[in-house]
Ligand code: IMP
Ligand code: MG
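Numbering (the numbering used here), first residue to last: 1467 to 1646.
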C-alpha cells in the first residue's frame, strides 16, 4: 500500500493477532479466575482495537474504562514527558485492574500510567501490551503479558497510527519510507 511518501509492509497478520489474543485471554482468565469484576483499562487511542478484541475473548466479568496519555503527537519520536489527557471514569480502589497498551516502546507511558493508577490502591494491577520494542527501553518496565516482541521499527495498523492514519488496517505493518 503506497500513501503519502511511505509504504506499509505487513509484519503481523490479522490471523496471527487473533490467534495470539486467544492464548493471552486463556492466561488472563487463569490469573483472574474468581475475580468479582475485572476493570480493563485501555490506553487511548492506540489500544482501541486490541482492547475490543481482547475483552470479547475474555470469559470473565469485565468493566471497560479508558485513559488517554499524551505521547508521540504527529512525530515518530517519543516524548519523555507524559501527560494525562483523559482519566478513567471509575474507582479502582480494591479492584483488579488490567491496563491494556498497544506498544511499550521507551516505557515512559506505561511507567507513568501504572504509577498513577497504583496510587489509587487497586487490589492487583497488571499490564498487557500487544507489542513490545524491548531494545528501545529507557525505563525498566515490562508488561505482564506481551502479544509480540518486535524489532525497532515504526509500526501501524490494528489501532496504531502514524500521524493519525492507518489505525484501521486489520494487520500490523511497518512503515517504510518511500525514497523514490
Ligand atoms: P513509550 O512511552 O515510549 O513506551 O511509548 C508508548 C507509546 O508510543 C505507544 O503507546 C504508542 O502510542 C507510541 N508508539 C511507540 N512506538 C510506536 C510505533 O511504532 N508506531 C506508532 N506509535 C508508537
Ligand atoms: Mg499509545
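Every residue, glycine too, gets a C-beta built ideally from N, C-alpha and C.
Note down the Cα distance separating residue 1583 from residue 1609, rounded to an integer number of angstroms.
The residue you call residue 1583 lines up with position 117 of the chain shown. The residue you call residue 1609 lines up with position 143 of the chain shown. When the Cα atoms are used, residue 1583 and residue 1609 turn out to be separated by approximately 15 Å.
Can we say the segment 1598 to 1618 touches the segment 1490 to 1502, given the rule of at least three CB pairs closer than 8 Å?
The segment 1598 to 1618, when compared against the segment 1490 to 1502, does touch it at the 8 Å Cβ threshold.
By the DSSP assignment, the alpha helix (DSSP H) with residue 1590 in it spans what residues?
The residue you call residue 1590 lines up with position 124 of the chain shown. Where residue 1590 is concerned, there is no enclosing alpha helix (DSSP H), although the beta strand (DSSP E) it sits in stretches over 1590 to 1598.
Kindly identify the DSSP beta-bridge partner or partners of residue 1565.
Along the chain shown, one-based indexing puts residue 1565 at 99. Note: residue 1565 sits in a beta bridge opposite 1507, 1593.
Taking one C-beta from the segment 1563 to 1576 and one from the segment 1589 to 1603 each time, how about it: are there three or more such pairs within less than 8 Å?
They touch, by the three-pair rule.
Within 10 Å of its beta-carbon, does residue 1479 have 16 or more other beta-carbons around it, so buried, or fewer, so exposed?
By 1-based counting over the chain shown, the position of residue 1479 is 13. Classification of residue 1479: exposed, given that the 10 Å Cβ count is below 16.
Bridge partners of residue 1628, per DSSP?
Walking along the chain shown from the start, residue 1628 turns up at place 162. Bridge partners of residue 1628: 1631.
Sort 1625, 1515, 1521 by Cα distance to residue 1494 and report the nearest one.
Against the chain shown, residue 1494 aligns to sequence position 28. Answer by Cα proximity: 1521.
Would you check if the segment 1626 to 1635 and the segment 1496 to 1505 touch, i.e. whether three or more CB-CB distances between them fall below 8 Å?
Under the three-pair Cβ rule at 8 Å, the segment 1496 to 1505 does not count as touching the segment 1626 to 1635.
Taking the alpha helix (DSSP H) that residue 1481 falls in, what are its first and last residues?
For the purposes of this step, residue 1481 is identified with residue 15 of the chain shown, where counting begins at 1. Going by DSSP, residue 1481 is part of the alpha helix (DSSP H) stretching over 1480 to 1497.
Per the DSSP calculation, residue 1535 is bridged to which residue(s)?
For the purposes of this step, residue 1535 is identified with residue 69 of the chain shown, where counting begins at 1. Within the DSSP bridge table, the entry for residue 1535 names 1550 as partners.
Thinking C-beta only, is residue 1576 closer than 9 Å to residue 1595?
Position 129 of the chain shown, counted from the first residue, corresponds to residue 1595. Position 110 of the chain shown, counted from the first residue, corresponds to residue 1576. Yes, these two residues count as a Cβ contact at 9 Å.
What I want to know is whether the C-beta of residue 1599 ends up closer than 8 Å to one or more non-hydrogen atoms of the ligand IMP.
Start at 1 with the first residue of the chain shown, and residue 1599 comes out as number 133. Because some heavy atom of the ligand IMP lies under 8 Å away, the Cβ of residue 1599 counts as near it: yes.
What number of angstroms, rounded off, separates the C-alpha of residue 1636 from the C-alpha of residue 1587?
What you label residue 1636 is simply residue 170 of the chain shown in a count that begins at 1. What you label residue 1587 is simply residue 121 of the chain shown in a count that begins at 1. Taking the straight line joining both Cα atoms gives about 36 Å.
Classification of residue 1551 by the beta-carbon crowding that lies within 10 angstroms, buried from 16 upward:
Residue numbering aside, residue 1551 sits at position 85 when the chain shown is read from its first letter. Taking a 10 Å sphere around the C-beta of residue 1551, we find fewer than 16 other C-beta atoms and assign the residue as exposed.
So for residue 1558, helix, strand or coil by DSSP?
For this step, residue 1558 is matched to residue 92 along the chain shown. Three-state DSSP puts residue 1558 in coil, outside helix and strand.
How many angstroms separate the CA atom of residue 1512 from the CA atom of residue 1626?
Counted from its first residue, the chain shown places residue 1512 at position 46. Counted from its first residue, the chain shown places residue 1626 at position 160. Each residue's alpha carbon lies about 5 Å from the other.
Same chain, Cβ closer than 6 Å to residue 1532, five either side skipped, listed in chain order:
Residue mapping note: residue 1532 aligns to position 66 of the chain shown, counting from 1. Answer for residue 1532: 1508, 1510, listed in chain order.
Quick one: what does DSSP say residue 1523 is sitting in, helix, strand or coil?
The sequence position of residue 1523 within the chain shown is 57, counting from 1. Of the three classes helix, strand and coil, the one that applies to residue 1523 here is helix, per DSSP.
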